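Q: Numbering (the numbering used here), first residue to last: 276 to 559. Just so you know, even glycine gets a beta-carbon here, dropped at the ideal spot from N, CA and C. It should be emphasised that the depicted structure is a prediction, and the values quoted were computed from it without experimental measurement. For reference, the structure I am asking about is given below.
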Amino acid sequence: MKVVTSPVEMQSIALDLRGLGRTIGLVPTMGWFHEGHLSLMRKAKEVSEFVITSLFVNPLQFGPSEDLESYPYDLERDKELAAAVGVDILYAPDQELMYSGTFATNVHVEGLTEGLCGAARPGHFDGVTTVVAKLFNQTLPHFAVFGQKDFQQLAVIKRMVRDLDFPIEVIAHPIIREASGLAMSSRNSYLKVEDREAALSLSRGIAHAKELAGNPSIPVEKIKNCVRKFIEKHRECEVDYIEIVNTTSLQACDSINSESIILIAVKINNYIRLIDNSTLLPSS
Ligand code: AMP
Numbered sequence: 276m277k278v279v280t281s282p283v284e285m286q287s288i289a290l291d292l293r294g295l296g297r298t299i300g301l302v303p304t305m306g307w308f309h310e311g312h313l314s315l316m317r318k319a320k321e322v323s324e325f326v327i328t329s330l331f332v333n334p335l336q337f338g339p340s341e342d343l344e345s346y347p348y349d350l351e352r353d354k355e356l357a358a359a360v361g362v363d364i365l366y367a368p369d370q371e372l373m374y375s376g377t378f379a380t381n382v383h384v385e386g387l388t389e390g391l392c393g394a395a396r397p398g399h400f401d402g403v404t405t406v407v408a409k410l411f412n413q414t415l416p417h418f419a420v421f422g423q424k425d426f427q428q429l430a431v432i433k434r435m436v437r438d439l440d441f442p443i444e445v446i447a448h449p450i451i452r453e454a455s456g457l458a459m460s461s462r463n464s465y466l467k468v469e470d471r472e473a474a475l476s477l478s479r480g481i482a483h484a485k486e487l488a489g490n491p492s493i494p495v496e497k498i499k500n501c502v503r504k505f506i507e508k509h510r511e512c513e514v515d516y517i518e519i520v521n522t523t524s525l526q527a528c529d530s531i532n533s534e535s536i537i538l539i540a541v542k543i544n545n546y547i548r549l550i551d552n553s554t555l556l557p558s559s
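In structure tokens form, the structure reads like this:
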């Protein structure tokens, strides 16, 4: 596996690969790989001949009081993990080469970015779409694999790809969980043993919501309130949002159907922001 740090070199390799008729799959990440990331890389290998995983802790998508400085990073560790699943290039661009002093462009998707994580993290999705647009242009992929763990991000990227005519197929990959049910996340590395029960309340709250959603006489608001009460029993937890929305529009649902998804964001100990989601009924 080759490590590339220069955007110019990356794009030149991608152009050569395309010239040779090879299909390229991209998995954009911020590193500190776990099984969730690795499953995305395996998926990319299934659908493309050449797999690029990008590793870039993108400052544009972090707010001033967020965890940019403490975000876990270990290039050697991640190199080994990516090589072991057969990634061809680990693309870890230099920060200065990504954003020169005169960088002045912002990619903004309207509507889908306004609620949920967009409301809690102003500017976050602009940071995501701007960096992903750059990564797309640098790696020229045919396929890009994203996790459903970041469900709103996935919807926003799909819309950007459609609106800006990127010739890229976005592939959504299911959430990978620990045996306990906890959705894997690089931020789980911040959790102390004593925070685990609080962190597990997200997936357990979702399981509870699914049970309630099976009974059509229970209103949406009641389901949301039950999940909130369940999560808030843990004093470490501060609910940022619990919403039940349509999977495509991300607009609130009045009633539950096969396109309803529950999305949850919770801060543990006022610092560790975890998200999780699940559709509530089996798809029809
Ligand atoms: P991150 O490094 O957290 O920015 O995530 C990079 C990609 O991995 C995104 O597309 C995420 O949605 C995806 N991802 C993160 N955690 C998981 C997970 N537990 N299961 C599936 N995909 C994930």
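(1) Let me check understanding here. Comparing Cα to Cα, which of W307, R396, P368, L556 lies closest to G489?
(2) Taking the continuous alpha helix (DSSP H) assigned at S476, which residues delimit it?
(3) Would the C-beta of T414 count as close to ligand 1, meaning under 7 Å from any of its heavy atoms?
(4) What separation, rounded to the nearest whole angstrom, lies between the Cα atoms of R436 and I536?
(5) I'd like to check one pair, I547 with I481: are the Cβ atoms closer than 8 Å?
(6) Which residue wins for smallest C-alpha separation from R317, given the options L301, R452, W307, V332?
(7) For the 8 Å Cβ check, are there 3 or more pairs between the segment 457 to 468 and the segment 304 to 320?
(8) Taking only runs of the alpha helix (DSSP H) that begin and end inside the segment 317 to 365, which ones reach a length of at least 4 residues, in chain order?
(9) Please classify R396: is it buried, with 16 or more other beta-carbons within 10 angstroms of its beta-carbon, or exposed?
(10) Helix, strand or coil: which one does DSSP assign to Y546?
(11) Just to confirm, does I450 get its C-beta within under 7 Å of one of the non-hydrogen atoms of ligand 1?
(12) Cutting at 8 Å between CB atoms, please list the residues of its own chain near H448, excluding the five before and the five after it.
(13) Skipping 5 residues on each side, what residues in its chain have a beta carbon closer than 8 Å to that of S492?
(14) Within the segment 373 to 411, note down every full alpha helix (DSSP H) run reaching 4 residues or more, in order along the chain.
(15) I'd like the span of the beta strand (DSSP E) that includes F505, first residue to last.
(16) Is G300 near ligand 1 - that is, is its Cβ less than 7 Å away from at least one heavy atom of it?
(17) Beta-carbon separation of I299 and P442 under 8 Å?
(18) Say the cut is 7 Å; is the CB of P334 nearer than that to a heavy atom of ligand 1?
(19) Taking F325 as the reference, which of V541, S524, I288, A473 has the closest Cα?
(20) With H, G and I counted as helix, E and B as strand and the rest as coil, what does DSSP make of I426?
(21) Note the first and the last residue of the continuous beta strand (DSSP E) segment covering G306.
(22) Could you please give me the residues that DSSP links to H312 through a beta bridge?
(23) Could you check where the alpha helix (DSSP H) with V283 kicks off and where it finishes?
(24) Do T388 and ligand 1 come close, with the Cβ less than 7 Å from some heavy atom?
(25) Among L290, D551, L549, which one has its Cα closest to the Cα of N412?
(26) Leaving aside the five residues before and after D529 along the sequence, list all residues of the same chain whose C-beta is less than 7 Å from its C-beta, in chain order.
(27) By Cβ distance, which residues of its chain are closer than 6 Å to Q286, with the 5 residues on each side in sequence left out?
(28) Would you say V362 and Y348 are within 8 Å of each other, going by their C-beta atoms?
(29) Suppose the cutoff is 7 Å on Cβ atoms and the five residues either side in sequence are ignored; what does the same chain contact list for T388 look like?
(30) According to DSSP, what are the bridge partners of E511?
A: Checking against the coordinates, here is how it stands:
(1) L556
(2) 471 to 488
(3) no
(4) Sequence check: residue 436 is Val here, not Arg. Between V436 and I536, the C-alpha separation is close to 22 Å.
(5) no
(6) L301
(7) yes
(8) 350 to 359
(9) buried
(10) coil
(11) yes
(12) S314, L315, K318, V420, F421, G422, Q423
(13) none
(14) 391 to 395
(15) Element bounds for F505: not the beta strand (DSSP E) but the alpha helix (DSSP H), 495 to 507.
(16) no
(17) no
(18) no
(19) I288
(20) For the sequence presented, residue 426 should be read as Phe rather than Ile. Helix at F426.
(21) First-last for G306: undefined, no H or E at that position.
(22) Bridge partners of H312: none, in fact.
(23) 282 to 294
(24) no
(25) L290
(26) V495
(27) Q413
(28) no
(29) F400, V431
(30) DSSP, once it has assigned bridges, lists no residue as partnering E511.
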